[in-house]
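What follows is a set of notes on a single structure, which appears directly below.
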Amino acid sequence: MASILPKTLTQNLKSRSPFRDLSMFLNKDGPVWLTIKSLTNGLGDQKVNYAIIGGLAVYAHGYKRTTHDCDILLSRADYEKFMTKLANLGLKPKFQGARKKFIFTSTEISVDVVIEGEYPGAGSIGPISFPNPKVCQENIDDMKVISLPKLIDLKLTSYKRLPTARLKDCSDVVELIKNAEHGEEELNENPKFESPQQHET
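Quick note on numbering: the sequence shown equals residues 23 to 223 in this note's numbering.
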């Protein structure tokens, strides 16, 4: 299948280095960001609702760490639609028979799909499940991202169920809470100016 990215971008991706990748990622550039931006644009065009989860959601909510793949949450109904639009979205199964793991062909970045109703961590029935993205998404940089409270809930649950294997989820939660608290402190120190008209009745 032909690349859906401009030829110059595809050539740049083939000649990347680890240090260049890190710098580009922190500037919201490079293969991972190209993938999620192109994918979310495609999902919008195909009328597939979604929420970004995983490392990119952590980054979007203020903890600037890297990630090497893209994770998206879909409702059950939208997942069925998604599976019929793989070619339009620039995706192919990561391996034969794969139903939730894909490769974005233009960048070779992995795209993992989580479906509404699945459970974080071990995957078996637990206290909370992944919700319908429609009820837990917010718009950040023109992309739909899972809300911060729900992201923290899911990561805490994942860590509690598999504490040894999911240490990164625990560190993500710590940093997300620290970042949120810092943001509140800045807001309290620098309250927004309110015009007199805002208090008129």
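Note that CB positions come from ideal geometry on N, CA and C, so glycine has one too. All of these numbers come straight from a predicted model, not from anything done at the bench.
The residue among 126, 133, 95, 142 with its C-alpha nearest the C-alpha of residue 183 is 142. For the pair residue 75 and residue 165, the CB atoms are not nearer than the 8 Å cut-off. Three or more beta-carbon pairs separated by less than 8 Å are not found between the stretch 43 to 53 and the stretch 146 to 160, which leaves the two stretches without contact.
CA-to-CA, the gap between residue 81 and residue 63 works out to about 19 Å. Short of 8 Å from the beta carbon of residue 92, and not among the five residues preceding or following it, lie these beta carbons of its own chain, in chain order: 54, 57, 58, 61, 74, 76, 78, 126, 131, 132, 133, 134. Residue 95 sits in a strand when the DSSP states are folded into three classes. Taking 3 residues as the shortest admissible run, the stretch 81 to 131 contains the following complete beta strand (DSSP E) segments, listed from N- to C-terminal end: 91 to 96, 113 to 115, 123 to 126. Distance from the CA of residue 179 to the CA of residue 72, rounded to the nearest whole angstrom, comes to 21 Å.
The stretch 165 to 176 and the stretch 188 to 206 touch, with three or more beta-carbon pairs separated by less than 8 Å. In this structure, the alpha-carbon of residue 194 lies about 14 Å from that of residue 187. For a cut-off of 8 Å, the C-beta gap from residue 123 to residue 70 is around 17 Å, too long to register as a contact.
Between residue 97 and residue 155 the beta-carbon gap is near 6 Å, inside 8 Å, which marks them as a contact.
Pairing residue 111 with residue 68 gives a Cβ-Cβ distance under 8 Å.
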